[in-house]
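Colleague: One structure follows; several queries about it will come next.
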Amino acid sequence: MPAGLWAALGPLLWACGLALQGGMLYPQESPSRERKELDGLWSFRADFSENRRQGFEGQWYRTPLRESGPTLDMPVPSSFNDVSQDRQLRSFVGWVWYEREVTLPQRWTQDLGTRVVLRIGSAHYYAIVWVNGVHVAEHEGGHLPFEADISKLVQSGPLSSCRITIAINNTLTPHTLPPGTILHKTDISKYPKGYFVQDTNFDFFNYAGLHRPVLLYTTPTTYIDDITITTGVDQDTGLVDYQVFVQGSEYFQLEVCLLDQEGKVVAQGTGGRGQLQVPNAHLWWPYLMHEHPAYLYSLEVRLTAQTAAGAVSDFYTLPVGIRTVAVTEHQFLINGKPFYFHGVNKHEDADIRGRGFDWPLLVKDFNLLRWLGANAFRTSHYPYAEEVMQLCDRYGIVVIDESPGVGIVLVQSYSNESLQHHLEVMEELVRRDKNHPAVVMWSVANEPTSFLKPAGYYFKTLIAHTKALDPSRPVTFVTNSNYEADLGAPYVDVICVNSYYSWYHDYGHLEVIPLHLATEFENWYRTYQKPIIQSEYGAGSVAGFHQDPPLMFSEEYQKGLLEQYHLVLDQKRKDYVVGELIWNFADFMTDQSPRRVMGNKKGIFTRQRQPKAAAFLLRERYWKLANETTYHLSAVKSQCLENSPFSF
Ligand code: GCB
Numbered sequence: 001m002p003a004g005l006w007a008a009l010g011p012l013l014w015a016c017g018l019a020l021q022g023g024m025l026y027p028q029e030s031p032s033r034e035r036k037e038l039d040g041l042w043s044f045r046a047d048f049s050e051n052r053r054q055g056f057e058g059q060w061y062r063t064p065l066r067e068s069g070p071t072l073d074m075p076v077p078s079s080f081n082d083v084s085q086d087r088q089l090r091s092f093v094g095w096v097w098y099e100r101e102v103t104l105p106q107r108w109t110q111d112l113g114t115r116v117v118l119r120i121g122s123a124h125y126y127a128i129v130w131v132n133g134v135h136v137a138e139h140e141g142g143h144l145p146f147e148a149d150i151s152k153l154v155q156s157g158p159l160s161s162c163r164i165t166i167a168i169n170n171t172l173t174p175h176t177l178p179p180g181t182i183l184h185k186t187d188i189s190k191y192p193k194g195y196f197v198q199d200t201n202f203d204f205f206n207y208a209g210l211h212r213p214v215l216l217y218t219t220p221t222t223y224i225d226d227i228t229i230t231t232g233v234d235q236d237t238g239l240v241d242y243q244v245f246v247q248g249s250e251y252f253q254l255e256v257c258l259l260d261q262e263g264k265v266v267a268q269g270t271g272g273r274g275q276l277q278v279p280n281a282h283l284w285w286p287y288l289m290h291e292h293p294a295y296l297y298s299l300e301v302r303l304t305a306q307t308a309a310g311a312v313s314d315f316y317t318l319p320v321g322i323r324t325v326a327v328t329e330h331q332f333l334i335n336g337k338p339f340y341f342h343g344v345n346k347h348e349d350a351d352i353r354g355r356g357f358d359w360p361l362l363v364k365d366f367n368l369l370r371w372l373g374a375n376a377f378r379t380s381h382y383p384y385a386e387e388v389m390q391l392c393d394r395y396g397i398v399v400i401d402e403s404p405g406v407g408i409v410l411v412q413s414y415s416n417e418s419l420q421h422h423l424e425v426m427e428e429l430v431r432r433d434k435n436h437p438a439v440v441m442w443s444v445a446n447e448p449t450s451f452l453k454p455a456g457y458y459f460k461t462l463i464a465h466t467k468a469l470d471p472s473r474p475v476t477f478v479t480n481s482n483y484e485a486d487l488g489a490p491y492v493d494v495i496c497v498n499s500y501y502s503w504y505h506d507y508g509h510l511e512v513i514p515l516h517l518a519t520e521f522e523n524w525y526r527t528y529q530k531p532i533i534q535s536e537y538g539a540g541s542v543a544g545f546h547q548d549p550p551l552m553f554s555e556e557y558q559k560g561l562l563e564q565y566h567l568v569l570d571q572k573r574k575d576y577v578v579g580e581l582i583w584n585f586a587d588f589m590t591d592q593s594p595r596r597v598m599g600n601k602k603g604i605f606t607r608q609r610q611p612k613a614a615a616f617l618l619r620e621r622y623w624k625l626a627n628e629t630t631y632h633l634s635a636v637k638s639q640c641l642e643n644s645p646f647s648f
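Residue numbers (full-length UniProt numbering): 1 to 648.
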């Protein structure tokens, strides 16, 4: 639909639930569902041909990849960039090809009542998928899952194995998210013929490949396709509104059952939608805000359907956290209590694996967050893996869930085509993450040129649609523009501002920070009367560089800069500042440039997750903040005391 028409009809479509086609429930095992993980070594080839189209011209998907040329072993999940010793592969732009042979359980290929689905957690950026040479899916966008129902294909033999081929293109254009531009260097006295490079306006390396788990899973042919939960609280009673979507048959019964953590049934219902009431509900509280944070119930959904082949059942269990989120003129409320975000911005980034999903890394990061006393993070600058969201639910780490709308600077990136794609990405993101209690706000973009004329319409439309998609959460985008010039700010619920005082200007002059920052906060608040989050601030430091009095890039300077910010944050958080998120949790890789020393060094941890001096400073601060903002909860206070690096 063209964006103009979309603007007119969109809210209506969303309201009718028409725009959200098909669910994206996390694949899980249940008595009616099986999973087969396809992580491990895949065959791989980058298409280095001049037009990057040799793979399509030679139809590499038709036969095993090894038959059309040499292949490499490529781990999945992982970025391909840092795995090999090939400099050209590290910075490759164009199509790469992945392939994997899979042996299928007999039942999957012979039982026509089984639906077999291929799910790709993420493929950056554009992906085409074939199974046994047959095209089964295409997907744009590098950070969200997509699926293909391959039942017919694998049951037509029936086949005992299948060959999955995935071609992935990492090229970014002004209409992709994030946007980018291909620069053709045509001066043949300086560059070889056909030379081009990828240019971007964001500050992280454009890692590519199969970044998240790939798997096959089954459901019955009549199945639970989607579940939408919204929760509320009425005095002591928790309210769970549910909606279950079924595919495959119109004749079915649904039963839902909510269990507490002891496995006791606390509420039950029937039918595709309804409200469950939970007396004396345990609410889902953020980490350090309650002595039992992150309480999760289990919603067991049971589908029974009559099909030509007889009765079919499907079971799906969804973790449910009962909590409310609200925003006032100067507060962010969770369960009716003021919530102060004290946390980090992250990246999905690590040595060798690049942006590839990795359990040890993930668990280490959550352990560091808890050590730090962080209660929140923003998924800068793209949606993170679903497994990350699940851990946030379980640990009570609050999330600002951001779209890959980063680096929107060119006027072409505000076109109808770009807006249309951005709306689709928000739809995919909300569809995937809507049931996570940890997600308390959507961020549609980071630092767009929101002073450009088309930005007003663009953000008005984007934010209105995101709210229509999910009326239960506030929406923001993160700005670094001036409060007077920002055309998107009137539409957000919370003002999220990034600033780098005494880093990108006033080099070395930490003393100017308090005045700069206080003036900035006051201007924003006076203009919009909305709560403000300091969504980024920070300084680079190379671990082990020490200098006193502090100089830029020393650990002392990084610490000193944070301290100046904290002076103002401590004043303004009494009024309308509702959070502070450090840039960045860990050092991360960027494009090469004279401004970056093997990547961005603003991490408070190194890329290998070792603390710099700033990490200890923040740890002290966050535990202190936790102690101040905890409600009527002596147990948390003693936990704070136990974990805190100092005594209160
Ligand atoms: C920003 C961006 C972030 C950068 C950071 C920096 O404003 O949002 O992506 O990495 O500044 O270090 O310059």
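We put the CB at the ideal spot given by N, CA and C, even for glycine.
For Ile128, I'd like the list of residues in its chain whose CB is within less than 6 angstroms of its CB, leaving aside the five on either flank, ordered along the chain.
Modeller: Position 128 of the sequence shown, counting from 1, holds the residue named residue 128. Cβ within range, chain order: Glu138 and Ala167.
Colleague: Quick one: grab the DSSP three-state call for His44.
Modeller: What you label residue 44 is simply residue 44 of the sequence shown in a count that begins at 1. As written in the sequence, residue 44 is Phe, which differs from the His given in the question. Note: Phe44 maps to strand in three-state DSSP.
Colleague: With C-beta atoms as the reference, is Pro279 less than 7 angstroms away from Thr237?
Modeller: Along the sequence shown, read from residue 1 onward, the residue named residue 279 stands at position 279. Along the sequence shown, read from residue 1 onward, the residue named residue 237 stands at position 237. In this structure, Thr237 lies closer than 7 angstroms to Pro279 by Cβ.
Colleague: Rounding to the nearest angstrom, what Cα-Cα distance links Ser298 and Phe245 in this structure?
Modeller: Within the sequence shown, residue 298 is the residue found at index 298, counting from 1. Within the sequence shown, residue 245 is the residue found at index 245, counting from 1. Each residue's Cα considered, the two are about 18 angstroms apart.
Colleague: Run through DSSP, which three-state label would Ala374 get?
Modeller: Working through the sequence shown from its first residue, we reach residue 374 at position 374. Three-state result, Ala374: coil.
Colleague: With Ala267 and Leu258 assumed to form a contact (beta carbons below 8 angstroms), what rounded beta-carbon distance in angstroms separates them?
Modeller: Counting from one through the sequence shown, the residue named residue 267 turns up at place 267. Counting from one through the sequence shown, the residue named residue 258 turns up at place 258. Right, their Cβ atoms sit about 4 angstroms apart.
Colleague: Regarding Glu402 and ligand 1, is the C-beta to nearest heavy atom distance less than 6 angstroms?
Modeller: For this step, residue 402 is matched to residue 402 along the sequence shown. Flag unset: Cβ of Glu402 not near ligand 1.
Colleague: What are the complete alpha helix (DSSP H) segments, minimum 4 residues, inside the stretch 416 to 464?
Modeller: 416 to 433
Colleague: Count the other CB atoms within 10 Å of the CB of Phe44; is the residue buried (16 or more) or exposed (fewer)?
Modeller: To locate residue 44, count along the sequence shown from 1; it is residue 44. Classification of Phe44: buried, given that the 10 Å Cβ count is 16 or more.
Colleague: Whose CA, out of Ser418, Ile463 and Leu452, lies closest to the CA of Gly180?
Modeller: Residue numbering aside, residue 180 sits at position 180 when the sequence shown is read from its first letter. It is Ser418.
Colleague: Measuring only the C-alpha atoms, how far is Gly69 from Glu50?
Modeller: Walking along the sequence shown from the start, residue 69 turns up at place 69. Walking along the sequence shown from the start, residue 50 turns up at place 50. Answer to the nearest angstrom: the Cα atoms are 16 angstroms apart.
Colleague: If Ser502 and Leu561 are in contact, beta carbons under 8 angstroms, what's the gap, nearest whole angstrom?
Modeller: Indexing the sequence shown from 1 puts residue 502 at position 502. Indexing the sequence shown from 1 puts residue 561 at position 561. About 6 angstroms separates the two Cβ atoms, so the contact holds.
Colleague: Ligand 1 and Glu536: does any heavy atom of the ligand fall closer than 6 angstroms to the residue's C-beta?
Modeller: Your numbering for residue 536 matches position 536 in the sequence shown. Yes, the Cβ of Glu536 comes within 6 angstroms of a heavy atom of ligand 1.
Colleague: Taking a contact to mean a Cβ-Cβ separation below 7 angstroms, would you say Asp486 touches Ser443 in this structure?
Modeller: Taking the first residue of the sequence shown as 1, we reach residue 486 at position 486. Taking the first residue of the sequence shown as 1, we reach residue 443 at position 443. Cβ atoms of Asp486 and Ser443: not closer than 7 angstroms.
Colleague: Can you name the residues that DSSP bridges to Met74?
Modeller: If you number the sequence shown from 1, residue 74 lands on position 74. According to DSSP, Met74 bridges with Trp42.
Colleague: When you compare the stretch 422 to 438 with the stretch 400 to 410, are there three or more beta-carbon pairs, one atom per stretch, that lie closer than 8 angstroms?
Modeller: Verdict: yes, contact present.
Colleague: Is there contact between the stretch 490 to 504 and the stretch 520 to 534, where contact requires at least three CB pairs shorter than 8 angstroms?
Modeller: yes
Colleague: Secondary structure at Ala19, three-state DSSP: helix, strand or coil?
Modeller: The residue labelled residue 19 in the question sits at position 19 within the sequence shown. Unreliable positioning characterises Ala19 in this predicted model, as indicated by a pLDDT of 48, which lies under 50. The coordinate reading is nonetheless provided below. Ala19 falls in the coil class under three-state DSSP.
Colleague: Just tell me which of Thr606, Asp570, Val409 and Tyr61 has its CA closest to the CA of His135.
Modeller: Along the sequence shown, read from residue 1 onward, the residue named residue 135 stands at position 135. Taking only the C-alpha atoms, the option nearest His135 is Tyr61.
Colleague: Note the first and the last residue of the continuous alpha helix (DSSP H) segment covering Trp623.
Modeller: Position 623 of the sequence shown, counted from the first residue, corresponds to residue 623. Unbroken alpha helix (DSSP H) run through Trp623: Ala613 to Thr629.
Colleague: Are there three or more Cβ pairs, one per stretch, closer than 8 angstroms when the stretch 368 to 375 is compared with the stretch 315 to 324?
Modeller: With a cut-off of 8 angstroms, the stretch 315 to 324 and the stretch 368 to 375 do not count as touching, because too few Cβ pairs lie within range.
Colleague: Less than 8 angstroms between the CB atoms is what I'm expecting for Pro286 and Phe339, so what's the real figure, rounded?
Modeller: In the sequence shown, counting from the first residue as 1, residue 286 sits at position 286. In the sequence shown, counting from the first residue as 1, residue 339 sits at position 339. Taking a contact as a CB-CB distance under 8 angstroms, the pair Pro286 and Phe339 counts as one, their CB atoms being some 7 angstroms apart.
Colleague: Would you call the CB atoms of Arg373 and Tyr622 closer than 7 angstroms?
Modeller: The sequence position of residue 373 within the sequence shown is 373, counting from 1. The sequence position of residue 622 within the sequence shown is 622, counting from 1. Sequence inspection shows Gly at residue 373; the Arg mentioned does not correspond to that position. It is a contact, given that the beta carbons lie within the stated cut-off.
Colleague: Asn81 and Tyr195: beta carbons closer than 7 angstroms?
Modeller: Translated into the one-based positions of the sequence shown, residue 81 becomes position 81. Translated into the one-based positions of the sequence shown, residue 195 becomes position 195. No, they are not a contact pair.
Colleague: With a cut-off of 8 angstroms on the beta carbons, I'd call Val312 and Pro437 a contact; round off their distance for me.
Modeller: As a working note, residue 312 is residue 312 in the sequence shown. As a working note, residue 437 is residue 437 in the sequence shown. About 31 angstroms separates the two Cβ atoms, so there is no contact after all.
Colleague: In whole angstroms, what separates the C-alpha of Thr629 from that of Tyr458?
Modeller: Here residue 629 refers to the residue found at position 629 of the sequence shown. Here residue 458 refers to the residue found at position 458 of the sequence shown. Using only the alpha carbons, I get a separation of about 37 angstroms.
Colleague: Check whether the stretch 289 to 308 and the stretch 182 to 199 are in contact - that is, three or more C-beta pairs closer than 8 angstroms.
Modeller: Contact between the stretch 289 to 308 and the stretch 182 to 199 is absent, because fewer than three Cβ pairs lie under 8 angstroms.
Colleague: For the stretch 170 to 190 against the stretch 557 to 576, are there 3 or more C-beta pairs whose distance is under 8 angstroms?
Modeller: no
Colleague: Any heavy atom of ligand 1 closer than 6 angstroms to the CB of Lys624?
Modeller: Position 624 of the sequence shown holds residue 624. Incorrect: Lys624 has no Cβ contact closer than 6 angstroms to ligand 1.
Colleague: Looking at C-alpha atoms only, which residue of Asp587, His566 and Arg609 is the closest neighbour of Glu620?
Modeller: In the sequence shown, the residue the question calls residue 620 occupies position 620. For Glu620, the nearest C-alpha among the options comes from His566.
Colleague: Could you tell me which whole alpha helix (DSSP H) segments of length 4 or greater appear in the stretch 115 to 164?
Modeller: 151 to 155
Colleague: Using only CA atoms, which one of Asp260, Val512 and Ala613 lies nearest to Ala281?
Modeller: Residue numbering aside, residue 281 sits at position 281 when the sequence shown is read from its first letter. When each option's Cα is compared against that of Ala281, the closest is Asp260.
Colleague: Does the beta-carbon distance from Trp42 to Arg100 come in below 7 angstroms?
Modeller: Taking the first residue of the sequence shown as position 1, residue 42 is located at position 42. Taking the first residue of the sequence shown as position 1, residue 100 is located at position 100. In this structure, Arg100 lies closer than 7 angstroms to Trp42 by Cβ.
Colleague: How many angstroms separate the CA atom of Leu177 from the CA atom of Ala308?
Modeller: Residue mapping note: residue 177 aligns to position 177 of the sequence shown, counting from 1. Residue mapping note: residue 308 aligns to position 308 of the sequence shown, counting from 1. Those two C-alpha atoms are separated by around 44 angstroms.
Colleague: When you compare only the Cα positions, how much space is there between Leu391 and Gly271?
Modeller: Position 391 of the sequence shown, counted from the first residue, corresponds to residue 391. Position 271 of the sequence shown, counted from the first residue, corresponds to residue 271. Each residue's alpha carbon lies about 30 angstroms from the other.
Colleague: Closer than 6 angstroms: is that where the CB of Asn600 sits relative to any heavy atom of ligand 1?
Modeller: Here residue 600 corresponds to residue number 600 of the sequence shown, with the count starting at 1. Yes, since a heavy atom of ligand 1 falls inside the 6 angstroms radius drawn around the Cβ of Asn600.
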